[in-house]
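See structure below.
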């Protein structure tokens, strides 16, 4: 280290703990004297910077902590805040999802209403060419019939929550079975619903969904398979 | 394991004087300095759980205080007046500058904050250039330049004052 660098360092950081710096100070008498002057100035500087701290400052801070409501505010940790926010979002999402058109809960009830109409429909209004109408009506909602389905007893256009659907009654092993085509009501997965008087299922299909309801013990799966084998969606 | 209040009390007792000095040199007003210190500890109380290393407490508090001080200026709306700048008297000229410490303190007050702050951190707190750079969020070279210039300005001012006094005699 040369004298110039030493003196520059004295002006930048005279407190530096560097062996090269100290070696130069001990070997160069002129820089040693310069360093002494610098340190005298630093002493004065430290004295000038050390201003008086008010009496009892720490006591006042501690007292404020025990009485000031600002300190009493209980701030929740960030993780808990995130968890709370996530719970709220999830709850709102669930409510929206449950109340939106197409939720399982509403479709169950709608399908059940149609099922309850079966006896009256079959007793009073039996169209002569149900199978032909079945083919025609399904075509209107984009479903083609590849193979004739036997046992169609009644077909009519209907509305499921203001959207077009087809209400079908066909024979099952336990009695009349309601099949409700709902091309604009999508469901995510198959859902079963049952009571002592009925047994139903809502199944997703390429376009919307189909509800099938019959008496308890009815082979709904077989009807579903039969429909899928005979129909095509376009 | 200490409870929160004991930990806070120990922290205040260990750091409040140093924090107050730093605050005073940032604002040069004892009332504002104490307000800044109080506000800093109020913030520290809220996030005391985040402080893992007790050794880093002072640095953490000083950073908080520095932000608090900066926040003061966000609220200030300067009022302009039509006073001629030449008519404003420099009050410092009329102070008694008989002792070296007093002269030096006045010189420090006149020093702009960008030069004064690293000097305070180095002389009072014994921080290295690297620590100062981190705290002020500037490069080490910038810190070294500021420290060099700060000392030079102080020397020039102190020597100027002394020469002025001598010539008056």
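Chains as they are written, first to last, in our numbering: chain L, 21 to 254; chain B, 4 to 172.
Idealized CB from N, CA, C, for every residue including glycine.
Note that the structure is predicted; figures quoted are calculated from it, not measured.
Interface with chain L (7 Å Cβ-Cβ cutoff): residue 19 of chain B is included. Residue pairing from DSSP places residue 196 of chain L in a beta bridge opposite L/191. Legend: CB atoms of the stretch 72-83 of chain L lying less than 7 Å from CB atoms of chain B belong to residues 73, 74, 77, 78, 81, 82.
In the displayed model, residue 253 of chain L falls within a strand according to three-state DSSP. DSSP, reduced to helix, strand and coil, places residue 52 of chain B within a helical segment of the structure shown. The stretch 68-81 of chain L and the stretch 8-21 of chain B touch, with three or more beta-carbon pairs separated by less than 8 Å. Under a criterion of Cβ atoms nearer than 8 Å, the residues of chain L adjacent to residue 28 of chain B are, in order, 69, 71.
With its beta carbon at least 7 Å from every one in chain L, residue 42 of chain B lies outside the interface. A contact between stretches requires three or more CB pairs, one per stretch, nearer than 8 Å, and the stretch 153-168 of chain L fails this requirement with the stretch 211-224 of chain L. Under the Cβ criterion of 7 Å, residue 12 of chain B is counted among the residues facing chain L. Within the same chain, 22, 64, 67, 68, 71 come within 7 Å of residue 43 of chain B by CB-CB distance, once the 5 residues on both sides are set aside. Look at residue 23 of chain B: its C-beta is under 7 Å from a C-beta on chain L. Here the alpha carbon of residue 239 of chain L sits roughly 21 Å from the alpha carbon of residue 142 of chain L.
Around residue 61 of chain B, the same chain offers 18 as residues with beta carbons nearer than 6 Å, after the five sequence neighbours per side are excluded.
Contact with chain L is absent for residue 113 of chain B, since none of that chain's Cβ atoms lies less than 7 Å from the residue's Cβ. Around the beta carbon of residue 202 of chain L, 16 or more other beta carbons sit within 10 angstroms, so the residue counts as buried.
Scanning its chain for C-beta atoms nearer than 6 Å, with the 5 sequence neighbours on each side dropped, one finds around residue 169 of chain L the residues 250, in chain order. Interface annotation for the stretch 114-133 of chain B against chain L: 122, 123, 125, 126, 127, 129, 131, 132, criterion Cβ-Cβ distance under 8 Å. Interface flag for residue 241 of chain L against chain B is unset, since no Cβ pair is found closer than 7 Å. Taking C-beta separations shorter than 8 Å and ignoring five residues to either side along the sequence, the partners of residue 110 of chain B in its chain run 156, 157, 160, 161, 164, following chain order. Counting of Cβ neighbours within 10 angstroms places residue 174 of chain L among the buried residues, the total reaching 16 or more. Using a Cβ distance threshold of 7 Å, residue 183 of chain L and residue 234 of chain L do not count as a contacting pair. Chain-ordered listing is empty here: chain L has no CB closer than 9 Å to the CB of residue 139 of chain B, the nearest sitting near 15 Å.
Judged by DSSP secondary structure, residue 55 of chain L falls within the alpha helix (DSSP H) whose first and last residues are 49-69.
In terms of beta-carbon proximity, residue 47 of chain B stays away from the interface with chain L, with every pair separated by 7 Å or more.
C-alpha of residue 67 of chain L to C-alpha of residue 73 of chain L: approximately 13 Å in a straight line. Residue 198 of chain L and residue 106 of chain L have their alpha carbons spaced roughly 41 Å apart.
Between residue 65 of chain L and chain B, the shortest Cβ-Cβ separation is below 7 Å.
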